[in-house]
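One structure is given here, and the rest of the page talks about it.
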């Protein structure tokens with residue numbers, strides 16, 4: 004099923020904190036699909052309201068974070084019987100909410116760092132000892148993430164997390180390699196090793212073109228022995244499947260100094276510029292950016308053709 008002569012609405016923007024990143028992804032995918040013969044309609048959303056003036060064969064959803072990745076948009080598209088890319092409503096909701104996804108990992112035996120949830124009202128303190136990580140449970144792109152190495156750092160961090168949510172995820176800090184594994188049609192792509200130029204892989208190091216940060220180096224395939232590579236890829240597939248995710252995702256993993264992998268989160272709408280991590284991994288497997296965009300579209304139309 005080719006995208007040639009198919010009408011595809013590329014959704015980008017949205018009301019969340021990842022709006023600029025989403026627009027960059029949307030523009031890249033829009034161009035790629037047009038070059039493959041699709042009739043592309045760019046739709047830039049500014050709120051959680053979806054207006055499609057034309058009938059389309061597919062919605063290519065690239066709204067990172069709030070509304071696009073939390074299951075709300077998927078529910079609307081299901082009700083309207085409009086085929087769309089990526090994870091469905093239920094799997095999107097669970098993957099996006101770290102409170103739900105962490106519990107899901109535990110229930111399915113997916114190895115993940117120890118964690119707890121506390122109120123952001125400033126009255127509760129974590130029970131685990133430093134160092135630990137504190138973050139909002141429903142934000143992406145490392146928005147609001149803090150590594151707490153001493154008790155006095157907690158007060159400022161919890162104030163920042165409170166800007167985003169009433170609940171904070173507190174997670175065991177694990178020193179090691181930051182890895183990410185793309186999943187496409189149930190198979191793991193080559194592993195990407197992320198090495199920030201400074202600090203950790205936060206918003207500044209992910210998107211220096213937006214924030215003026217130092218950026219990061221990326222190594223694909225990651226320099227791991229065969230046994231570790233297989234172990235990491237199998238864990239990524241396990242996490243992807245445990246959430247019931249369809250089509251594709253990107254699984255973020257920490258590999259400890261003891262060579263134990265831990266799943267941090269699963270991104271149901273990963274970055275999709277030509278230099279993003281999922282396309283980088285796909286390229287290593289001989290899948291160029293246009294091929295990747297077309298394959299995601301084709302798989303999605305096939306999955307939801309009943310609509």
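Residue numbers (the numbering used here): 4 to 310.
Glycine included, every Cβ here is placed at the ideal spot set by N, Cα and C.
CA-to-CA distance, residue 242 to residue 236, given in whole angstroms
Going from the Cα of residue 236 to the Cα of residue 242 covers about 10 Å.
When you compare only the Cα positions, how much space is there between residue 168 and residue 101?
Distance from the CA atom of residue 168 to the CA atom of residue 101, rounded to whole angstroms, is 12 Å.
Span separating the alpha-carbon of residue 181 from that of residue 221
So the two alpha carbons sit approximately 10 Å from each other.
Cβ-Cβ separation, residue 70 to residue 61 (assumed contact under 8 Å), whole Å
Between residue 61 and residue 70, the beta carbon gap of about 19 Å keeps them out of contact (Cβ cut-off 8 Å).
Let me know the secondary structure DSSP gives residue 298 once reduced to three states.
Note: residue 298 maps to helix in three-state DSSP.
Closest by C-alpha distance to residue 281, when choosing among 266, 223, 304 and 231:
Of 266, 223, 304 and 231, the residue nearest in Cα terms is 223.
Whose C-beta lies closer than 7 Å to the C-beta of residue 245 among residues of the same chain, with five residues either side of it excluded?
Once the five neighbours on either side are set aside, the close Cβ partners of residue 245 are 107, 108, 111 and 113.
Less than 8 Å between the C-beta atoms of residue 171 and residue 120, yes or no?
The criterion of a C-beta distance shorter than 8 Å is satisfied by residue 171 and residue 120.
Touching or not, the segment 185-195 and the segment 247-259, by the rule of three or more beta carbon pairs under 8 Å?
Output reads yes: the segment 247-259 touches the segment 185-195.
Pick from 29, 153, 79 and 137 that is closest to residue 164, judged by C-alpha positions
Distance check between residue 164 and each of 29, 153, 79 and 137 places 137 closest, using alpha-carbon atoms only.
Within this structure, are the beta carbons of residue 300 and residue 88 separated by less than 8 Å?
With respect to residue 88, residue 300 sits close: the two C-beta atoms are nearer than 8 Å.
Which residues mark the beginning and the end of the alpha helix (DSSP H) in which residue 83 is found?
Unbroken alpha helix (DSSP H) run through residue 83: 75-83.
Own chain, CB closer than 8 Å to residue 287, minus 5 neighbours either side, in chain order
Around residue 287: 192, 193, 223 and 224.
Could you check where the beta strand (DSSP E) with residue 10 kicks off and where it finishes?
Note, residue 10: beta strand (DSSP E), 10-16.
Sequence-distant residues of its chain with Cβ nearer than 6 Å to residue 258 (five each side left out)
Taking C-beta separations shorter than 6 Å and ignoring five residues to either side along the sequence, the partners of residue 258 in its chain run 179, 180, 182 and 264, following chain order.
Measure the C-alpha to C-alpha separation of residue 135 and residue 175 and round it to an integer number of angstroms.
Each residue's Cα considered, the two are about 5 Å apart.
The beta strand (DSSP E) enclosing residue 179, as first and last residue numbers
For residue 179, the uninterrupted beta strand (DSSP E) segment begins and ends at 179-187.
Strictly by DSSP, which residues pair up with residue 268?
In the DSSP output, where bridge partners are listed per residue, residue 268 has 255.
So, helix, strand or coil for residue 262, using DSSP?
Here residue 262 sits in coil by DSSP.
For residue 17, collect the residues of the same chain with a Cβ closer than 6 Å to its Cβ; drop the 5 residues on either side in sequence, then sort them by chain order.
Its chain contains 25, 48, 66, 70 and 71 as the residues whose beta carbon lies nearer than 6 Å to that of residue 17, once the 5 sequence neighbours on both sides are disregarded; these appear in chain order.
Please say whether residue 152 and residue 133 have beta carbons closer to each other than 8 Å?
Contact flag set, yes.
CB residue 33 to CB residue 45, shorter than 8 Å?
Yes. Within cutoff.
Let me check one thing: in DSSP terms, what residues is residue 61 bridge-paired to?
Its beta-bridge partners are 11.
So if DSSP puts residue 138 in a beta bridge, which residue, or which two residues, is it bridged to?
As computed with DSSP, residue 138 is found in a beta bridge with 172.
Run of the alpha helix (DSSP H) containing residue 243, from where it starts to where it stops:
In the DSSP assignment, residue 243 falls within the alpha helix (DSSP H) that extends over 229-245.
Residue 48, DSSP secondary structure in three states
In this structure, residue 48 counts as strand in the three-state DSSP scheme.
If you draw a straight line from the alpha carbon of residue 283 to that of residue 126, how long is it in whole angstroms?
Our two residues, residue 283 and residue 126, have alpha carbons roughly 43 Å apart in a direct line.
Backbone CA spacing between residue 360 and residue 271 [nearest angstrom]:
Residue coverage of the chain in this structure runs from 4 to 310, which leaves residue 360 outside it and unanswerable.
Helix or strand or just coil, what does DSSP make of residue 32?
Residue 32: helix per DSSP, three-state reduction.
Take the Cβ of residue 105 as the centre, count every other Cβ of all protein chains shown within 10 Å, and call the residue buried at 16 or more, exposed below.
A buried status is given to residue 105, since no fewer than 16 other beta-carbon atoms sit within 10 Å of its beta-carbon.
Proximity winner among 291, 50 and 13, relative to residue 41 (alpha-carbon distances)
Residue nearest to residue 41 within the set 291, 50 and 13 is 13 (criterion: CA-CA distance).
What three-state label does DSSP hand residue 109 in the structure shown?
DSSP places residue 109 within a helical segment (H, G or I) once states are collapsed to three.
Only counting the same chain, and skipping five residues up and downstream in sequence, which positions put a Cβ closer than 6 Å to that of residue 11?
Result list for residue 11: 36, 41, 43, 61 and 63, in chain order.
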